[in-house]
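Q: The sequence shown runs 15 to 413 under the numbering used here.
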Amino acid sequence: MKEKTQDKKSNRYSIFRDCIKNLKTDWVENIKPFIEFDKQQTRKYDKYAAPYPIVGEPNPKLYLGCFKSPYEGCDDNPYEMDGMLFNKEKARYIEQRKIADILKSFFFQYIQKIAVEIMRCMLIVCTDLGYKQKDFGLKEFFTFSSELIGKDSRVVIETFPKYKAFNLLFKLNNFLKHNTKQAYDTLKDNFPDNIHKGNKTEYENGMYAGDFIYLQDGYLDKIFDKLLIFFGEYCKVILGEDLCPQLFYRELLPSEYKRWEELAKSEFLKEDFCNARYLLNPKQDIKGWVLLDDDEWIGCCFIDYAKHWFNKDGVHFLEACTFPKYRGKGYAKYLARIMFDKSKGFAKSMCINPSNSASISAFAKYGFTKAKPYKTWDIYLCDKDYYPKELENLKITTS
């Protein structure tokens with residue numbers, strides 16, 4: 015069993031995290047807009063489309079609905095269509111087909127780029143831990159990981175959350191890279207749902223792999239977060255790293271309240287939501303804070319310091335919201351920590367909609383008890399000297 019050295023590079027998860035975040039930014043800001051064509055512009059070509067799409071259900075916005083592989087053996091070749099299409103429409107259709115083929119190739123090339131960059135990060139981490147060989151691939155990755163923990167790492171790693179996403183990525187990359195029957199069979203055996211059911215042609219060596227791959231719409235939109243989860247588990251279990259998040263918070267600027275409204279409005283009932291106009295009303299005494307991971311907004315919380323008839327000497331917890339991307343990861347308690355820190359020495363109140371069982375349950379743990387109904391809400395109160403023990407040891411700093 016190799017010794018896992020703890021040096022200045024001991025936070026090796028950050029290598030994976032930064033790489034994946036950069037790939038995601040590149041996809042969202044540069045690649046995806048390039049290949050997303052206007053749906054209305056291409057819809058008129060749908061009636062001439064292939065009987066099944068290359069990626070997901072019929073999606074002319076992404077792929078123009080115009081893919082046909084030369085290996086499909088289809089009869090309605092656009093070059094042989096009869097008089098139902100005018101020559102101009104034929105030419106336009108053929109042009110769209112060519113564009114679609116280019117976009118398809120570009121899409122799969124980006125999947126390969128993701129795999130290559132992830133493999134590069136795996137090599138950097140393993141080399142940092144003492145890997146000395148000149149060659150490196152998945153086999154070497156699992157072998158070296160086994161040396162780190164003193165047992166078969168594959169058995170352990172295959173139990174990690176999102177391992178399936180990691181495995182599929184490299185099975186796809188292997189097929190797209192080699193275009194061999196063996197790579198096709200391996201993908202089919204492990205991920206039969208990612209082989210086109212509608213393609214009746216038997217795959218042979220040298221056929222373009224992209225014509226035989228099926229991926230759900232949004233595959234690339236989801237893969238990045240799945241890879242972050244997988245490598246987080248790898249660094250925690252195999253490398254023994256402490257992945258406690260380094261979280262920061264700061265007070266919201268008035269100019270940022272509009273962003274809060276855009277991110278959170280859909281998460282609230284209309285009568286429960288405090289929009290930017292309400293929060294910035296000079297007659298109010300409201301302050302808000304944003305919880306951050308690097309520069310990404312995890313969630314926001316707001317306290318009203320004005321006096322209320324039901325809590326004359328205290329403060330009012332107005333809003334607290336973890337944004338959807340970060341739900342289910344334990345960040346809500348950090349927002350609670352901020353609110354308790356900013357209300358020390360004050361009695362605390364909240365108005366919670368009776369239908370909001372999640373908030374009722376969460377704040378019951380933090381010392382809030384139901385007092386009385388008020389309009390469409392129930393008022394909950396918490397003693398001024400109460401501070402939840404669960405929140406005391408959370409690591410969070412101001413930025």
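Each residue gets a CB set at the ideal place from its N, CA and C atoms; glycine is no exception.
From N213 to Q110, what does the alpha carbon distance come to, in whole angstroms?
A: As a first step, residue 213 is located in the sequence shown; it is residue number 199 there, counting from the start. As a first step, residue 110 is located in the sequence shown; it is residue number 96 there, counting from the start. Their Cα atoms are separated by approximately 21 Å.
Q: Between F205 and I128, what straight-line distance do the alpha-carbon atoms span, to the nearest angstrom?
A: The residue given as residue 205 occupies position 191 in the sequence shown. The residue given as residue 128 occupies position 114 in the sequence shown. Approximately 19 Å, taken between the alpha carbons.
Q: Does the count of Cβ pairs from the region 331–338 and the region 306–317 closer than 8 Å reach three?
A: The answer is yes - the region 306–317 touches the region 331–338, with three or more Cβ pairs under 8 Å.
Q: Answer yes if the region 297–309 comes into contact with the region 265–277, meaning at least three C-beta pairs across the two stretches below 8 Å, and no otherwise.
A: Cβ pair count under 8 Å is three or more, so yes.
Q: Identify, in the order they occur along the chain, each residue of the same chain with its Cβ nearer than 6 Å to the Cβ of I34, setting aside the five sequence neighbours on each side.
A: The count along the sequence shown starts at 1 and reaches residue 34 at position 20. For I34, where only same-chain residues beyond five positions count, the Cβ hits under 6 Å are F238, L241 and L242.
Q: Quick check: what's the CA-CA separation for L261 versus K146?
A: Indexing the sequence shown from 1 puts residue 261 at position 247. Indexing the sequence shown from 1 puts residue 146 at position 132. Their backbone Cα atoms lie some 35 Å apart in a straight line.
Q: Assuming F262 is part of the beta strand (DSSP E), what are its boundary residues?
A: Here residue 262 refers to the residue found at position 248 when the sequence shown is read from its first residue. Start and end: L261 to E265.
Q: Can F287 and K297 be called in contact, C-beta distance under 8 Å?
A: Position 273 of the sequence shown, counted from the start, is the residue given in the question as residue 287. Position 283 of the sequence shown, counted from the start, is the residue given in the question as residue 297. Against a cut-off of 8 Å, the Cβ pair of K297 and F287 comes out as no contact.
Q: If we call anything under 8 Å between Cβ atoms a contact, is L405 one with K347?
A: Within the sequence shown, the letter at position 391 stands for residue 405. Within the sequence shown, the letter at position 333 stands for residue 347. Result yes, Cβ atoms of L405 and K347 sit closer than 8 Å.
Q: Got a sec? Which residues, its chain only, sit under 6 Å from E5 by beta carbon, not counting five neighbours each side?
A: Only positions 15 to 413 of the chain appear in the structure, and residue 5 is not among them; the question remains open.
Q: Tell me, please, whether the region 357–368 touches the region 381–391 by the rule of three or more beta-carbon pairs shorter than 8 Å.
A: Verdict: yes, contact present.
Q: What three-state label does DSSP hand F122 in the structure shown?
A: In the sequence shown, residue 122 corresponds to position 108, counting from 1. Helix.
Q: In whole angstroms, give me the CA-to-CA distance for Y27 and C135.
A: If you number the sequence shown from 1, residue 27 lands on position 13. If you number the sequence shown from 1, residue 135 lands on position 121. Each residue's Cα considered, the two are about 10 Å apart.
Q: Name the residue from M133, D309 and R31 whose alpha carbon lies nearest to the alpha carbon of E154.
A: Within the sequence shown, numbered from 1, the residue matching residue 154 stands at position 140. For E154, the nearest C-alpha among the options comes from M133.
Q: Kindly indicate which three-state DSSP category S357 falls into: helix, strand or coil?
A: For the purposes of this step, residue 357 is taken as the residue at position 343 of the sequence shown. Here S357 sits in coil by DSSP.
Q: Going by the CB atoms, is the gap between F244 and P175 shorter than 8 Å?
A: Here residue 175 refers to the residue found at position 161 when the sequence shown is read from its first residue. Here residue 244 refers to the residue found at position 230 when the sequence shown is read from its first residue. In this structure, F244 lies closer than 8 Å to P175 by Cβ.
Q: Could you tell me whether the region 192–212 touches the region 150–170, using the rule of 3 or more Cβ pairs below 8 Å?
A: In short, these stretches do not touch, since the Cβ pair count stays below three.
Q: In chain order, what residues of the same chain lie with their CB nearer than 8 Å to the CB of L183, ignoring the 5 residues before and after it?
A: Your numbering for residue 183 matches position 169 in the sequence shown. Excluding sequence neighbours, L183 sits near I125, I128, A129, I132, I237 and L241.
Q: Around the Cβ of S119, are there at least 16 other Cβ atoms within 10 angstroms (buried) or fewer (exposed)?
A: Indexing the sequence shown from 1 puts residue 119 at position 105. Flag for S119 reads exposed.
Q: Determine the DSSP secondary structure at C288, reduced to helix, strand or coil.
A: As a working mapping, residue 288 is identified with position 274 in the sequence shown. C288 falls in the coil class under three-state DSSP.
Q: Give the secondary structure of G302 by DSSP, where H, G and I count as helix, E and B as strand, and everything else as coil.
A: On the sequence shown, position 288 is the one that residue 302 refers to. Strand at G302.
Q: Do you know how far the Cα of Y198 is from the Cα of F189?
A: By 1-based counting over the sequence shown, the position of residue 189 is 175. By 1-based counting over the sequence shown, the position of residue 198 is 184. Going from the Cα of F189 to the Cα of Y198 covers about 6 Å.
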